[in-house]
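Step one of this worksheet: look at the structure below.
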Ligand SMILES: Cc1ncc(COP(=O)(O)O)c(C=O)c1O
């Protein structure tokens, strides 16, 4: 076994979930998904494909009709993108891995804006890359990127800059000014940008999508955009995503897809085609519902004593701090064991998240969030676990 693999950290979210093993009464908000099932017409499109016998291998880059539909969808939100720059992938996380395989070799330097979903930083390590973390800074619950720090961290020696905005877990979102500045700097250093934009439609600003590199970059820029059907279309279990790559990169990417998964399942792609056909009618109501979830949760958390929280401009997570909590993992386990409340420890997203907690507010019913809030209030009123209790939980 390679050292890089042996040294990978296990998931701290799983560790909290394991503390709830065998308990029926825990309300889980730890994973990044809604408890709502995929729309019936999307499920029917996939079922029809299977009934029609579409059970064979397909093109590496995806069904041409789906690539075209994705290109049209992307173009409706950002600058026009030709389908020859779009590849369908078997999940967003696989899209990220393909982008990393395309760009990162042993010893290559990757700068990642953090805290961030741990898969982004684990993948370059798996491939032998070196990851430098560029921390966002939190002030009164609001997370910001210091552009001077970015310019200092990304040098001509930096192969890839990894950015995830809207960010999991903080909800931090880039402005167009920041995107332009990052683009200008990376053009000067020759650094590739891998931009994970899977939460772009879960954006609570005035526009229908969060600011994207695809609003500003040209087809010649070294920018790879990672996308997923999971979040905006409630399709986490379908495992489908896509990549937008610059001109000239598709032949290499097609080979990589061949050697990874060969192609995404056709029936899953048929479901995705239906999801995109219904996007205009489905995504905006979903976004509004998530905004209601966000406002309910953040408003109520902010009223609890000792909680530092701010409404995130994008994504589907409340990222907050409870006064006196030093170790997120210990406190998250305490919440599970003593209060039946399942949250993700902020430290799962890196040291920058230590002391913080992540609560996924994507809930079918607002009532489920209210039930969770009752438990959070009880936990806050009960006070922090004593040293003895904490050591048992460790
Ligand atoms: C930031 C980020 N990127 C990518 C993904 C991958 O999504 P999927 O593999 O479900 O398409 C996730 C999932 O939680 C995520 O949070």
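Numbering (our numbering), first residue to last: 156 to 549.
Backbone N, C-alpha and C define an ideal beta-carbon position, used for all residues, glycine too.
These numbers were taken from a predicted model, which means no experiment stands behind them.
Check, Outcome
"Kindly list the residues whose CB is nearer than 6 angstroms to the CB of residue 272, restricted to its own chain and excluding five residues on each side of it in sequence; keep chain order.", "323"
"So, does the segment 273-283 touch the segment 228-238, judging by three or more C-beta pairs under 8 angstroms?", "no"
"Within a Cβ cutoff of 7 angstroms, which residues of the same chain sit near residue 286, ignoring the five residues on either side of it in sequence?", "265, 267, 276, 279, 280"
"Among 379, 225, 250, whose alpha-carbon lies nearest the alpha-carbon of residue 238?", "225"
"Under three-state DSSP, which class holds residue 133?", "Examination of residue 133 is not possible in this model, given that the chain is present from 156 through 549 alone."
"Of the residues 159, 197, 443, 376, which one's Cα is nearest the Cα of residue 361?", "443"
"Skipping 5 residues on each side, what residues in its chain have a beta carbon closer than 7 angstroms to that of residue 374?", "240, 401, 402"
"With distance defined between alpha-carbon atoms, name the residue in 305, 176, 485 nearest to residue 317.", "305"
"Report yes if the CB atom of residue 397 is closer than 7 angstroms to the CB atom of residue 423, and no otherwise.", "no"
"Using 8 angstroms for Cβ pairs, my map puts residue 495 next to residue 181. What's the rounded Cβ distance?", "5 angstroms"
"I'd like the list of long-range same chain contacts for residue 321, defined as Cβ closer than 6 angstroms, with 5 residues on each side in sequence excluded.", "328, 354, 365, 469, 470"
"Would you say residue 158 lies against chain D (beta-carbon separation less than 7 angstroms)?", "Looking for chain D here will not work: only one protein chain is present."
"At 4 residues or longer, what runs of the alpha helix (DSSP H) sit wholly inside the segment 507-537?", "521-537"
"Taking 6 angstroms as the cut-off, is the C-beta of residue 391 nearer than that to any heavy atom in ligand 1?", "yes"
"Any heavy atom of ligand 1 inside 6 angstroms of the beta-carbon of residue 353?", "yes"
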